[in-house]
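Encoded as C-alpha cells, the structure appears first; notes follow it.
Here is the structure:
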C-alpha cells in the first residue's frame with residue numbers, strides 16, 4: 002500500500018514584528034546636540050518629557066512646543082531619521098496674589114479697579130496666553146454678581162486705568178457663589194485669540210480686581226496665580242483637580 006505525502010510548497014515564514022526606532026538630535030540650550038532614539042510607539046507627551054529631561058528642564062515637558070528642523074511637530078510620525086529637535090522660544094512669568102478680602106463697594110463703583118501690587122510684571126515678549134487659577138474665588142453670596150479679576154496690560158509710558166476697559170483680560174469670569182465646592186480650585190486658560198491688544202515686550206502687566214458698587218458687594222480670592230506666556234509656547238495646564246470656569 003502506497004503512502005502519499007503532500008508538502009506545502011513554497012514554505013511560508015512568519016517574521017516577528019519590527020521594532021522601529023529613529024535617531025533624532027535634540028538641540029541643547031548651549032547649542033550642542035544630543036542623540037535621542039525615538040521608538041515608533043512613542044507618544045508626543047512622552048517625547049516632550051524626554052526632551053525636557055535632556056535640556057535640563059525641571060518637571061514634565063507638557064508645555065513644550067517642539068520644532069523639527071524649524072517646523073512645529075504635531076505628531077511623532079512626522080519625524081524622520083536625522084531630524085534636529087529644538088524647543089520653540091518662549092517663557093512663562095508668574096504673578097501671585099496670596100489673599101484678597103475686600104468689601105469696597107462705593108456708589109457707582111462697579112468696574113472700579115483695585116491693584117494689590119504697586120509694581121507690575123514687564124512683558125518679556127509678545128503675550129500669547131495666560132493661565133490663571135485660584136484656590137478660592139467667590140463673592141458675598143447674595144445680590145448682584147460684580148466681582149472680577151483681571152490682567153491689565155499697560156503700554157510703555159501708559160498709566161494704569163482706574164476702571165475696567167479693553168486693556169483688561171478677564172482671568173476667571175464673574176466671581177461665583179454657593180457652596181465651597183463650587184467656589185474652590187477654579188481656573189481658566191486664555192489664548193491669543195482672546196487677548197484683544199497686541200501686548201509686546203516692554204508692556205507692563207498688572208493683576209487687578211473689581212468688587213462692585215452701590216453697597217453690599219464683597220470679593221474673596223485665595224492663592225491666585227497668573228502665569229503669563231510670552232512667545233511661541235503652549236500655556237501651562239490647570240493644576241490637577243481644578244475646574245475650568
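Residue numbers (my numbering): 2 to 246. Just so it is clear, CB atoms sit at the ideal spot from N, CA and C, and this is done for glycine as well. No experiment lies behind these values; they were computed from the predicted model shown.
For residue 246, the closest alpha carbon among the candidates 194, 217 and 150 is that of 150. Scanning its chain for C-beta atoms nearer than 6 Å, with the 5 sequence neighbours on each side dropped, one finds around residue 27 the residues 35, 37, 52, 55 and 86, in chain order. Leaving aside the five residues that flank residue 117 on each side, the residues in its chain whose CB is nearer than 7 Å to its CB run, in chain order, 98, 101 and 208.
Excluding the 5 residues flanking it on each side, residue 222 has same chain C-beta neighbours closer than 6 Å at 101, 135 and 138, in chain order. Comparing C-alpha distances from residue 190 to each of 44, 130 and 165 shows the shortest one belongs to 130. Scanning its chain for C-beta atoms nearer than 7 Å, with the 5 sequence neighbours on each side dropped, one finds around residue 45 the residues 76 and 77, in chain order.
The beta carbons of residue 211 and residue 159 sit about 19 Å from each other, so the pair does not count as a contact at 8 Å.
Between the alpha carbons of residue 204 and residue 124 lies a distance of about 5 Å.
Counting along the chain, the unbroken beta strand (DSSP E) around residue 133 starts and ends at 128-140.
Under DSSP, residue 70 forms no beta bridge with any residue. Where residue 189 is concerned, the enclosing beta strand (DSSP E) starts and stops at 185-192.
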